[in-house]
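Peer 1:
There are 2 protein chains.
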Amino acid sequence: MKYAVIGLGKFGTTLAKALARGGAEVVAVDNNLDLVDEAKDEVTLAVKLDATDEKELLAQGIHKVDVAIVSIGENFEANQLATVILKKLGVKKVITRATSTVRSKILALIGADEVISPEEETAMRLAQRLLVPNIVDYLELSEGYSVVELKAPEKFHGKTIKELDIRNKYDINLIAIKRILPVGKPSEGKTKIVLNAVPRPNDVIEPSDILIVVGDDKSIEELLREE
Amino acid sequence: MKYAVIGLGKFGTTLAKALARGGAEVVAVDNNLDLVDEAKDEVTLAVKLDATDEKELLAQGIHKVDVAIVSIGENFEANQLATVILKKLGVKKVITRATSTVRSKILALIGADEVISPEEETAMRLAQRLLVPNIVDYLELSEGYSVVELKAPEKFHGKTIKELDIRNKYDINLIAIKRILPVGKPSEGKTKIVLNAVPRPNDVIEPSDILIVVGDDKSIEELLREE
Ligand SMILES: Nc1ncnc2c1ncn2[C@@H]1O[C@H](COP(=O)(O)OP(=O)(O)OP(=O)(O)O)[C@@H](O)[C@H]1O
Ligand SMILES: Nc1ncnc2c1ncn2[C@@H]1O[C@H](COP(=O)(O)OP(=O)(O)OP(=O)(O)O)[C@@H](O)[C@H]1O
Numbered sequence: 125m126k127y128a129v130i131g132l133g134k135f136g137t138t139l140a141k142a143l144a145r146g147g148a149e150v151v152a153v154d155n156n157l158d159l160v161d162e163a164k165d166e167v168t169l170a171v172k173l174d175a176t177d178e179k180e181l182l183a184q185g186i187h188k189v190d191v192a193i194v195s196i197g198e199n200f201e202a203n204q205l206a207t208v209i210l211k212k213l214g215v216k217k218v219i220t221r222a223t224s225t226v227r228s229k230i231l232a233l234i235g236a237d238e239v240i241s242p243e244e245e246t247a248m249r250l251a252q253r254l255l256v257p258n259i260v261d262y263l264e265l266s267e268g269y270s271v272v273e274l275k276a277p278e279k280f281h282g283k284t285i286k287e288l289d290i291r292n293k294y295d296i297n298l299i300a301i302k303r304i305l306p307v308g309k310p311s312e313g314k315t316k317i318v319l320n321a322v323p324r325p326n327d328v329i330e331p332s333d334i335l336i337v338v339g340d341d342k343s344i345e346e347l348l349r350e351e
Numbered sequence: 125m126k127y128a129v130i131g132l133g134k135f136g137t138t139l140a141k142a143l144a145r146g147g148a149e150v151v152a153v154d155n156n157l158d159l160v161d162e163a164k165d166e167v168t169l170a171v172k173l174d175a176t177d178e179k180e181l182l183a184q185g186i187h188k189v190d191v192a193i194v195s196i197g198e199n200f201e202a203n204q205l206a207t208v209i210l211k212k213l214g215v216k217k218v219i220t221r222a223t224s225t226v227r228s229k230i231l232a233l234i235g236a237d238e239v240i241s242p243e244e245e246t247a248m249r250l251a252q253r254l255l256v257p258n259i260v261d262y263l264e265l266s267e268g269y270s271v272v273e274l275k276a277p278e279k280f281h282g283k284t285i286k287e288l289d290i291r292n293k294y295d296i297n298l299i300a301i302k303r304i305l306p307v308g309k310p311s312e313g314k315t316k317i318v319l320n321a322v323p324r325p326n327d328v329i330e331p332s333d334i335l336i337v338v339g340d341d342k343s344i345e346e347l348l349r350e351e
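First to last, the sequence lines map onto chains C and H.
Numbering follows my numbering, with no gaps: position 124 of the first sequence is 248.
Numbering follows my numbering, with no gaps: position 51 of the second sequence is 175.
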């Protein structure tokens, strides 16, 4: 898989390096030479060029990729233009980063195959995590249905999985338990996380455990609210 | 729970509104009057003030919150200063948004309880999703162990859950299936997503199904690579 990352801000640079580390072929593009230089040891190829210049993109073969990710932040017209040009040059999938809801709509209409809004997505996840303090992380599987990592409720401490009968009592599926264990000398205070991926009926929930459950959001709220 | 959101850029505004929608008490702060005006109908209180001015923060009672989220983007000194002042004024949890790895380290050292990097986090998730093309989304539960949403591999199409024997063959736990169903008139081409949260032995996998599995990353890669 060949990728082009256009615009080496924080998002573009992180993405280009992560893709390259994952073994992908990555060409990183920016019109700022310093950023191009900084990227060149970590990607397949780093090129200084103006991504709104169709001739330059063609000349450097930037369009010969499977996926192009455009992240020219502040200059929206340039972001838009680079997106349209890359689609025109035949790039099968163009993912463009948006900086506002209005702009994400514009980008989708002018041809971006996918639009990414880092600030919005991260803010929504943080809000969810703050609103339900026991939630450590979550993944929405479907509207109203999620995988949720949450701190074991106090009422569960010291009880066995069998006793708790979570599936029947709460209509939730407990799929794993994350436990924090001390490692090395006690004085060092170091810990490691161990995942119990097959919780058994006689396993006991400990106060610092993190439960990973699947269920509809109402049932999960119910479980957390009962405290 | 009372929240203060300092800095109403895209991140701050999205967060303030999401928290307010979730029923929390939210005071939104910015020194740009237009942004304060735009926010005031969607939060408990919107205040124009300079978040680096300790007296102003005190006067408006901004420090009387449980959690403050500081997201003053471009002006790093202001971002830092607001963070330090809020901790000094006794805010129990201050979450600060960072715009670079170096800055996130500085913020952690000067007292931020948590540091958020939207561009980095989103770029890492996108890289993961691109590197494993069948992955629709994922949640890392623990190092090397994740919940993954992936397109049903071709070899699974038309087979029953029982036949596939996923747990034993791949050491992966299939926890749900997302199916795309047509809705309304066929000519409209509209679809809806239906979640099968309790996959049964005789359920048949269809080509457009999305499987939600839990397992260690190696086993999931194995499953995807076999294609
Ligand atoms: N016409 C262009 N061709 C190529 N690169 C461009 C062009 N215009 C701007 N860029 C580059 O796009 C990059 C990203 O833009 P900018 O830094 O404004 O975005 P940003 O949204 O702040 O990024 P991030 O949030 O990811 O840090 C910059 O490094 C800039 O040099
Ligand atoms: N001293 C200050 N006190 C209060 N607000 C401030 C101060 N300095 C800057 N701000 C506000 O912080 C907000 C966010 O800053 P900025 O837009 O630079 O960040 P950003 O990282 O681009 O935001 P985002 O990416 O979330 O859109 C701006 O609306 C700005 O008015």
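Cβ atoms here follow ideal geometry from the backbone N, Cα and C, with glycine treated the same way.
Starting from the N-terminal side, write out each stretch of the alpha helix (DSSP H) that is 4 residues or longer and does not extend beyond the segment 309-345 of chain C.
Peer 2: Counting only runs of 4 or more, we get nothing.
Peer 1: Can you find a C-beta in chain H that's less than 7 Å from the C-beta of V129 of chain C?
Peer 2: As a working mapping, residue 129 of chain C is identified with position 5 in the first sequence. Not closer than 7 Å to any Cβ of chain H, the Cβ of V129 of chain C fails to qualify, so no.
Peer 1: At a cut of 8 Å, does the segment 142-155 of chain C reach the segment 241-252 of chain H through at least three beta carbon pairs?
Peer 2: Yes: at least three Cβ pairs fall under 8 Å.
Peer 1: Cβ of S352 of chain C less than 7 Å from any chain H Cβ?
Peer 2: Because chain C in this structure spans residues 125 to 351, residue 352 of chain C falls outside the shown range and cannot be described.
Peer 1: Over what stretch of residues does the beta strand (DSSP E) that includes E149 of chain C continue unbroken?
Peer 2: Here residue 149 of chain C refers to the residue found at position 25 of the first sequence. E149 to D154 is the span of the beta strand (DSSP E), which, as asked, contains E149 of chain C.
Peer 1: Report the residues of the segment 284-304 of chain H with a CB closer than 9 Å to any CB of chain C, ordered along the chain.
Peer 2: From the segment 284-304 of chain H, only N297, I299, A300 and K302 have a Cβ closer than 9 Å to chain C.
Peer 1: At 9 Å on the CB atoms, spell out the chain H contacts of T223 of chain C, in chain order.
Peer 2: To locate residue 223 of chain C, count along the first sequence from 1; it is residue 99. Those within 9 Å of T223 of chain C in chain H are K134.
Peer 1: Along the beta strand (DSSP E) that carries N297 of chain C, what are the first and last residues, could you check?
Peer 2: The sequence position of residue 297 of chain C within the first sequence is 173, counting from 1. Note, N297 of chain C: beta strand (DSSP E), N297 to P306.
Peer 1: Under 8 Å by Cβ, that's how I've got D295 of chain H and S343 of chain H pegged, so tell me the actual separation to the nearest angstrom.
Peer 2: One-based indexing of the second sequence puts residue 295 of chain H at position 171. One-based indexing of the second sequence puts residue 343 of chain H at position 219. That belief holds up - the Cβ atoms of D295 of chain H and S343 of chain H are roughly 5 Å apart, short of 8 Å.
Peer 1: For a test of the three-state rule: what should DSSP assign to V208 of chain C, helix, strand or coil?
Peer 2: For the purposes of this step, residue 208 of chain C is identified with residue 84 of the first sequence, where counting begins at 1. DSSP places V208 of chain C in helix when its eight states are reduced to three.
Peer 1: So is the beta-carbon of K134 of chain H under 6 Å away from any non-hydrogen atom of ligand 4?
Peer 2: Ligand 4 is absent from the structure shown, which contains only ligand 1 and ligand 2.
Peer 1: I believe L210 of chain H touches A222 of chain H by the beta-carbon criterion, under 8 Å. Please report the beta-carbon distance rounded to the nearest angstrom.
Peer 2: The residue you call residue 210 of chain H lines up with position 86 of the second sequence. The residue you call residue 222 of chain H lines up with position 98 of the second sequence. In fact, because the Cβ distance is near 16 Å, the residues do not count as touching under 8 Å.
Peer 1: Kindly list, in the order they appear in chain C, the residues whose Cβ is closer than 8 Å to that of E178 of chain H.
Peer 2: In the second sequence, the residue the question calls residue 178 of chain H occupies position 54. Near E178 of chain H there are no residues of chain C at all, since even the closest Cβ is about 25 Å away, more than 8 Å.
Peer 1: Considering only C-alpha positions, which residue in the set C:K126, C:V226 and C:L182 is nearest to F200 of chain C?
Peer 2: Taking the first residue of the first sequence as position 1, residue 200 of chain C is located at position 76. Ranking the options by Cα distance to F200 of chain C, first place goes to C:V226.
Peer 1: For a quick check, are the C-beta atoms of V425 of chain C and A236 of chain C less than 7 Å apart?
Peer 2: This structure does not reach residue 425 of chain C, given that chain C is present from 125 up to 351, and the question cannot be answered.
Peer 1: Whose CA, out of H:G313, H:V338 and H:L169, lies closest to the CA of N320 of chain C?
Peer 2: Indexing the first sequence from 1 puts residue 320 of chain C at position 196. N320 of chain C has its Cα closest to that of H:V338, out of H:G313, H:V338 and H:L169.
Peer 1: Could you check which residue in H:D161, H:N155, H:E287 and H:G268 has the C-alpha nearest to that of V194 of chain H?
Peer 2: Residue numbering aside, residue 194 of chain H sits at position 70 when the second sequence is read from its first letter. Comparing Cα-Cα distances from V194 of chain H to each of H:D161, H:N155, H:E287 and H:G268, the minimum goes to H:N155.
Peer 1: Roughly how many whole angstroms lie between the Cα atoms of S311 of chain C and P331 of chain C?
Peer 2: As a working mapping, residue 311 of chain C is identified with position 187 in the first sequence. As a working mapping, residue 331 of chain C is identified with position 207 in the first sequence. Rounded to whole angstroms, S311 of chain C to P331 of chain C spans 21 Å at the Cα level.
Peer 1: Skipping 5 residues on each side, what residues in its chain have a beta carbon closer than 7 Å to that of L335 of chain C?
Peer 2: Within the first sequence, numbered from 1, the residue matching residue 335 of chain C stands at position 211. Hits under 7 Å: L274, A276, L298 and I301.
Peer 1: Could you name the residues of chain C that V338 of chain H contacts, counting a contact when the two beta carbons are closer than 9 Å?
Peer 2: Sequence index remark: in the second sequence, residue 338 of chain H carries index 214 (1-based). Result: V271, I299, A300, A321, I336 and V338.
Peer 1: Which same chain residues, not among the five before or five after V318 of chain C, have their C-beta less than 7 Å away from its C-beta?
Peer 2: Within the first sequence, numbered from 1, the residue matching residue 318 of chain C stands at position 194. Correct list, in chain order: R303 and L305.
Peer 1: Flag D154 of chain C as yes when its Cβ comes closer than 6 Å to any non-hydrogen atom of ligand 1, and as no otherwise.
Peer 2: If you number the first sequence from 1, residue 154 of chain C lands on position 30. Yes.
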